[in-house]
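Written out below as structure tokens is the structure these notes cover.
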Amino acid sequence: MASLNESALLSGSWRRCVALLLSLSLLMMGSTQASRKLQTAQPQLRLQAYGDNTDTPMHAPPAQSYLVSDGSWVDCVPIEGQIAAHHPSLKVHIIKLRPSVLPNIRSSLRAELHPQLFAREYGGCPDGHIPVQRIDPNRPYMQKDRPPQAPEASPAAAGIHEYAITNMPNIPGAYIGTAAFLSVNDPYVANTSEFSLSQFWVTAGSYTDKSLCTIEVGWQKYPQRHKGDADYAPHLFVFWTADAYQKLSCYDLQCPGFVHVDQSWVIGGAMPSYSTLKELQNGITSEVAIRVLYDTNDRVWWLYLDDVPIGYWPASIFGSKYLQGTAAKVEWGGEVYIEKWNNTAHSKTAMGSGLFPTAGYPTSAYFRNITYAYAKSGFTDLDANVTFLKGAMFRDDPNCYNIAVQQKNYSNWGSYFFFGGSGGSNPACKVKP
1 MASLNESALL
11 SGSWRRCVAL
21 LLSLSLLMMG
31 STQASRKLQT
41 AQPQLRLQAY
51 GDNTDTPMHA
61 PPAQSYLVSD
71 GSWVDCVPIE
81 GQIAAHHPSL
91 KVHIIKLRPS
101 VLPNIRSSLR
111 AELHPQLFAR
121 EYGGCPDGHI
131 PVQRIDPNRP
141 YMQKDRPPQA
151 PEASPAAAGI
161 HEYAITNMPN
171 IPGAYIGTAA
181 FLSVNDPYVA
191 NTSEFSLSQF
201 WVTAGSYTDK
211 SLCTIEVGWQ
221 KYPQRHKGDA
231 DYAPHLFVFW
241 TADAYQKLSC
251 YDLQCPGFVH
261 VDQSWVIGGA
271 MPSYSTLKEL
281 QNGITSEVAI
291 RVLYDTNDRV
301 WWLYLDDVPI
311 GYWPASIFGS
321 KYLQGTAAKV
331 EWGGEVYIEK
341 WNNTAHSKTA
351 MGSGLFPTAG
361 YPTSAYFRNI
371 TYAYAKSGFT
381 DLDANVTFLK
391 GAMFRDDPNC
401 YNIAVQQKNY
411 SNWGSYFFFG
421 GSGGSNPACK
431 VKP
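Mapping of the sequence shown onto the UniProt record's numbering: position 318 corresponds to residue 318, and the numbering continues sequentially without gaps.
If you want it as structure tokens, here you go:
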């Protein structure tokens, strides 16, 4: 047994050891925290245009390429070498890898995340690279309101766009974003050159003087755009125009504009999951959460898919007047592009699920939990009972395609509407004169 003096010495030594250990621990913690800060600090990456020929902008060569089981090829391109680098306003653009401020997202309303086939099969691109869907290099850039004529179409055929949409009032400078859950459906498309889609529009400017600027995102079934790549599946698309669908318009990553930053989502790729009418009749539904929100610090319009920020539209690509921080209108709904022939038969291309909104859930196509963001007050839920939502509904012919707010009580759906239709499969649907 130690003496009293020996105990005092041991006690003092023990205290000194503890103090030393605590000091070392604090130093290690400080070092670890410093390392953690260094690891989370994001490098400043600038877009770098590949090649000198501005007439034929292109992505930098891929580091790796993958053949996906749906027949599509995905190239993993260096993030700084993506085609956006060729846009005149993005010559010295610093890539934003994430929003400066993340929006407040209600987790109880999040959609289940369904990675696309590329992510399921290969896990995404390596760090520092983005997936780019390979397209035919001889295929011209597509314009959304000028779909290419089908090879088999005669000169007598002409295209028509028909809509079933609703929107907020046109108020310049009012809006900075919108969000909703969209059902992902499998509408019948009668001709490879026709399409059916479900989307958001965030707009400013005027079609009349060709100043219209739009941000558009959703899913689209458009066989001619996706030959050999799950032709008849709905595909994710992003779109923008800065001149009312004239020369400054672009789908996906086919030309400079949208900046992609996510390693897994393939812009233009087939949607992760979708429901056929038969599946809907058995209660099997598919949906995706989409959000567009302006980042005032970085001056870009961010796109979120299932709460993941995947890329953005820089405000600079729209010029200097419109979509420079605010939008004048926000719209939601469906659109079809159909061929018009020299007879009265309307195309049987369907919208949504192919059923009219009166069918309701689960078989009708829908938007739910629709919100919009005011420039001054942030995100606000739409009230399905207010008159402007009903009054703002537009459809070319309700016998072909329709939209309706349903008053049944879905407790967690917030504001919602059903839309769609069977087109010419309904005898009452006729071609417009």
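Just so you know, even glycine gets a beta-carbon here, dropped at the ideal spot from N, CA and C. The structure presented is a predicted model; accordingly, all values stated were derived computationally and were not measured.
As a beta-bridge residue in DSSP terms, Q220 pairs with L197 and H235. When C-beta atoms of the segment 203–211 are compared with those of the segment 356–374, fewer than three pairs fall below 8 Å, so the two segments do not count as touching. Inter-residue distance for Q199 and V217 is about 5 Å (C-alpha atoms, whole angstroms). In the assembly as shown, Q82 is a buried residue. Its beta-carbon has 16 or more other beta-carbons within 10 Å.
In the DSSP assignment, Q281 falls within the unbroken alpha helix (DSSP H) covering L277 to Q281.
Shown here, L305 sits in a strand according to DSSP, grouped into three states. Beta-bridge pairing by DSSP links Y294 to W301. Rounded to whole angstroms, the separation of the alpha carbons of H87 and L45 is 16 Å.
Contact between the segment 264–282 and the segment 362–371 is present: three or more C-beta pairs spanning the two stretches fall below 8 Å. The residue from L305, A242 and W219 with its alpha-carbon nearest to that of Q263 is L305. In the DSSP secondary-structure assignment, S249 is bridged to T241. A direct Cα-to-Cα measurement between P126 and C76 gives close to 8 Å. Annotation for V259: L47, Q82, A84, L90, H93, I95, K96, V300, G311, Y312, W313 and P314 place their beta carbon closer than 8 Å to its own, counting only its chain and skipping 5 residues before and after. By the neighbour-count criterion, in which 16 or more other beta carbons inside 10 Å mark a residue as buried, H161 falls on the exposed side.
Listed in chain order, the non-local C-beta contacts of S425 below 6 Å within the same chain comprise K348, local neighbours out to five positions each way being set aside. Rounded to the nearest whole angstrom, the CA to CA distance from V132 to D55 is 20 Å. Residue environment analysis places S193 among the buried positions, since at least 16 neighbouring C-beta atoms fall within 10 angstroms of its C-beta. The C-beta distance from C255 to P57 rounds to 7 Å, short enough to fall under 8 Å. Judged by DSSP in its simplified three-state form, H93 adopts coil rather than helix or strand. Taking a C-beta distance under 7 Å as the contact criterion, V330 and T166 do not qualify as a contact pair.
The DSSP-derived three-state label of T192 is coil. In this structure Q64 does not touch W265 by the C-beta definition: roughly 17 Å separates them, more than the 8 Å allowed.
Sorting A164, Y66, P169 and Y251 by C-alpha distance to the C-alpha of E121 places Y66 at the top. Closest in C-alpha terms to I79, from the list D70, S422, H59 and K430, comes H59. If you draw a straight line from the Cα of S273 to the Cα of D252, it comes to about 19 Å. Between the alpha carbons of V261 and N191 lies a gap of roughly 34 Å.
Beta-bridge partners assigned by DSSP to H129: P78.
Contact between S353 and N185 is confirmed by a C-beta separation of about 4 Å, below the 8 Å threshold.
Non-local C-beta neighbours of W413 in its own chain, meaning closer than 8 Å and more than five positions away in sequence, comprise R368 and N369, ordered along the chain. DSSP places G173 in the coil class of the three-state scheme, outside both helix and strand.
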